[in-house]
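K.L.:
To start, I am sharing the structure in question, which I have written as structure tokens.
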Amino acid sequence: MSGFVKGADWNTSAPLGPESLTWKHFGDIRSMLILGRAGTLQNMHPVLDLALREHSNFFADPMNRFERSIAPIHAMIYDSRPDEKAAIVRDFHRPIKGADEHGNRYHALDPDVYWWTHVTFYESIIATQEFFGTPLTEDEKRQLVAEGLTWWRLYGMSERPAFGDYETYQRYWRHMLREALGSNYTTGFAAAIHRKRVPPPPGIPEFLWQVLRYPVLGVGVWISNATMPPEARATLGWTWTRLDQAAFEVFRHTVRTAWTIAPRRLRYLPQSWAGMRRNGFSAG
Numbered sequence: 024m025s026g027f028v029k030g031a032d033w034n035t036s037a038p039l040g041p042e043s044l045t046w047k048h049f050g051d052i053r054s055m056l057i058l059g060r061a062g063t064l065q066n067m068h069p070v071l072d073l074a075l076r077e078h079s080n081f082f083a084d085p086m087n088r089f090e091r092s093i094a095p096i097h098a099m100i101y102d103s104r105p106d107e108k109a110a111i112v113r114d115f116h117r118p119i120k121g122a123d124e125h126g127n128r129y130h131a132l133d134p135d136v137y138w139w140t141h142v143t144f145y146e147s148i149i150a151t152q153e154f155f156g157t158p159l160t161e162d163e164k165r166q167l168v169a170e171g172l173t174w175w176r177l178y179g180m181s182e183r184p185a186f187g188d189y190e191t192y193q194r195y196w197r198h199m200l201r202e203a204l205g206s207n208y209t210t211g212f213a214a215a216i217h218r219k220r221v222p223p224p225p226g227i228p229e230f231l232w233q234v235l236r237y238p239v240l241g242v243g244v245w246i247s248n249a250t251m252p253p254e255a256r257a258t259l260g261w262t263w264t265r266l267d268q269a270a271f272e273v274f275r276h277t278v279r280t281a282w283t284i285a286p287r288r289l290r291y292l293p294q295s296w297a298g299m300r301r302n303g304f305s306a307g
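So this is what it looks like as structure tokens:
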């Protein structure tokens, strides 16, 4: 993280568990709307772009890649054995290493690289509520970032890049967007994913997916553009018009209304809701 220094008050943490904001919001079904945004922000990191190109089936079957990634990460929060689940997620990345075209070595478990990925997960909680729910207060954001440090410690990795204070988080986010991230092959693929002949998600018949693929993935790309931080949108070369913004305002209002009137169990991802119910969490 050349050019970035975390604050002296970085060692600020808050507990996870049924009383935490992470528990309350991470399993929100609306977070799936910005899954593409989170993935694109992650993959703007040059190491993650290279790791995906050399080690992942993302380009052949992106829906499978999402499915394999989401479940174990949510299990870290909602399962009764978070340390075990964290070890599974961490160790999945151990073999992902290599060298770039200049011979520079990389590893997916480089703490700086892994920390960026981690931050995008709890930033997505903030973004989901900002765009589709009830925006978090400044105090809630502070708590969520502090919970993020506790979450990181489940991995048992170096705390060299880590922090839990909100001021450092804000500076780090600006630094990454302005100085560390870029457009690359993976982000270009994601921006055009609706034009790719990708396999269907689990449970969707092939014939039906051929009808749904373009509109479903196309809307996903549009939402990623709508919710992308302006600095990242500029880096990616994506355009966004006033007409797009007007349509998005209607869309986000519809999502907020639909979530409010939906049965409580349908407001959350099934795995997250099951964990909440096991712990008597009403999510109300």
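Per our numbering, the sequence shown starts with residue 24, numbered consecutively.
Cβ coordinates follow ideal geometry from the N, Cα and C atoms, glycine included.
Within 10 angstroms of the Cβ of residue 81, are there 16 or more other Cβ atoms? Answer buried if so, exposed if not.
P.N.:
Translated into the one-based positions of the sequence shown, residue 81 becomes position 58. Residue 81 is buried by the Cβ-count criterion.
K.L.:
Return helix, strand or coil for residue 60, following the three-state DSSP convention.
P.N.:
Counting from one through the sequence shown, the residue named residue 60 turns up at place 37. If DSSP states are grouped into helix, strand and coil, residue 60 belongs with the helices.
K.L.:
In terms of residue numbering, what span does the beta strand (DSSP E) encompassing residue 129 cover?
P.N.:
On the sequence shown, position 106 is the one that residue 129 refers to. Here the beta strand (DSSP E) through residue 129 covers 128-130.
K.L.:
List the endpoints of the continuous beta strand (DSSP E) containing residue 120.
P.N.:
Your numbering for residue 120 matches position 97 in the sequence shown. From DSSP, the beta strand (DSSP E) with residue 120 extends over 120-122.
K.L.:
Which term fits residue 302, buried or exposed, when burial requires 16 or more other beta carbons within 10 angstroms of its beta carbon?
P.N.:
Start at 1 with the first residue of the sequence shown, and residue 302 comes out as number 279. Result: exposed.
K.L.:
Around the C-beta of residue 235, are 16 or more other C-beta atoms found within 10 angstroms, so that it is buried, or is it exposed?
P.N.:
Position 212 of the sequence shown, counting from 1, holds the residue named residue 235. When all chains shown are included, residue 235 counts as exposed.
K.L.:
So, using beta-carbon positions, are residue 54 and residue 170 closer together than 7 Å?
P.N.:
As a position in the sequence shown, residue 54 is number 31, starting the count at 1. As a position in the sequence shown, residue 170 is number 147, starting the count at 1. No, the Cβ-Cβ distance between residue 54 and residue 170 is not below 7 Å.
K.L.:
By the three-class DSSP mapping on this structure, what secondary structure does residue 72 have?
P.N.:
By 1-based counting over the sequence shown, the position of residue 72 is 49. In the structure shown, residue 72 sits in a helix (DSSP, three-state: H, G or I).
K.L.:
Quick test of your reading: residue 79 and residue 172, contact by CB under 8 Å. State the CB separation rounded to the nearest angstrom.
P.N.:
The residue given as residue 79 occupies position 56 in the sequence shown. The residue given as residue 172 occupies position 149 in the sequence shown. About 28 Å; that fails the 8 Å criterion.
K.L.:
Below 8 Å, can you find three or more Cβ-Cβ pairs linking the region 222-241 to the region 192-205?
P.N.:
Result no; under three Cβ-Cβ pairs closer than 8 Å.
K.L.:
Rounded to the nearest angstrom, what separates residue 64 and residue 29 at their Cα positions?
P.N.:
For this step, residue 64 is matched to residue 41 along the sequence shown. For this step, residue 29 is matched to residue 6 along the sequence shown. Approximately 21 Å between the Cα atoms of the pair.
K.L.:
For residue 45, tell me which candidate among 250, 96 and 129 has the shortest Cα-Cα distance.
P.N.:
Counting from 1 along the sequence shown, the entry for residue 45 is found at position 22. If we check each option's Cα against that of residue 45, 96 comes out closest.
K.L.:
Which of the three DSSP states is assigned to residue 267 in this structure?
P.N.:
The sequence position of residue 267 within the sequence shown is 244, counting from 1. Residue state, collapsed to three classes: helix.
K.L.:
Just reading off the alpha helix (DSSP H) that residue 168 is part of, what are its end residues?
P.N.:
Walking along the sequence shown from the start, residue 168 turns up at place 145. From DSSP, the alpha helix (DSSP H) with residue 168 extends over 161-176.
K.L.:
Could you tell me whether the region 117-124 touches the region 253-269, using the rule of 3 or more Cβ pairs below 8 Å?
P.N.:
No, the region 117-124 is not in contact with the region 253-269.
K.L.:
Do the CB positions of residue 89 and residue 278 come within less than 7 Å of each other?
P.N.:
Counting from one through the sequence shown, the residue named residue 89 turns up at place 66. Counting from one through the sequence shown, the residue named residue 278 turns up at place 255. Against a cut-off of 7 Å, the Cβ pair of residue 278 and residue 89 comes out as no contact.
K.L.:
Helix, strand or coil for residue 133? Go by DSSP, reduced to three states.
P.N.:
Locating residue 133 in the sequence shown gives position 110, where the first residue counts as 1. Reduced to three states, the DSSP call for residue 133 is coil.
K.L.:
Sorted by chain position, which residues of the same chain lie with C-beta nearer than 7 Å to residue 292's C-beta, five sequence neighbours on each side aside?
P.N.:
The residue you call residue 292 lines up with position 269 of the sequence shown. So the qualifying residues of the chain are 50, 52 and 97.
K.L.:
Can you tell me which of the three DSSP states residue 84 falls into?
P.N.:
As a position in the sequence shown, residue 84 is number 61, starting the count at 1. If DSSP states are grouped into helix, strand and coil, residue 84 belongs with coil.
K.L.:
Tell me whether residue 85, by its Cβ, gets closer than 6 Å to a heavy atom of the ligand FMN.
P.N.:
Among the ligands in the structure shown, none appear at all, so the ligand FMN cannot be discussed.
K.L.:
Name the DSSP beta bridge partners of residue 51, please?
P.N.:
In the sequence shown, residue 51 corresponds to position 28, counting from 1. Bridge partners of residue 51: 291.
K.L.:
Going by C-alpha distance, which of 191, 159 and 38 is nearest residue 100?
P.N.:
For the purposes of this step, residue 100 is taken as residue 77 along the sequence shown, with counting starting at 1. Nearest option by C-alpha distance: 38.
K.L.:
State the CB to CB distance for the pair residue 210 and residue 66, rounded to an integer number of angstroms; the pair is presumed to be in contact (CB under 8 Å).
P.N.:
Along the sequence shown, read from residue 1 onward, the residue named residue 210 stands at position 187. Along the sequence shown, read from residue 1 onward, the residue named residue 66 stands at position 43. 6 Å between Cβ atoms; contact.
K.L.:
What does a CB cutoff of less than 7 Å around residue 244 pick up in its chain, not counting 5 residues either side in sequence?
P.N.:
As a first step, residue 244 is located in the sequence shown; it is residue number 221 there, counting from the start. 59, 214, 216 and 217.
K.L.:
Let me make sure I understand the geometry here. Which of 145, 267 and 294 has the alpha-carbon closest to that of residue 166?
P.N.:
Translated into positions along the sequence shown, residue 166 becomes position 143. Cα-wise, what sits closest to residue 166 is 145.
K.L.:
Alpha carbon to alpha carbon, what distance is there between residue 74 and residue 123?
P.N.:
Position 100 of the sequence shown, counting from 1, holds the residue named residue 123. Position 51 of the sequence shown, counting from 1, holds the residue named residue 74. Their Cα atoms are separated by approximately 9 Å.
K.L.:
Using 7 Å as the threshold, is the C-beta distance between residue 246 and residue 56 below it?
P.N.:
Mapped onto the sequence shown, residue 246 falls at position 223. Mapped onto the sequence shown, residue 56 falls at position 33. Yes, these two residues count as a Cβ contact at 7 Å.
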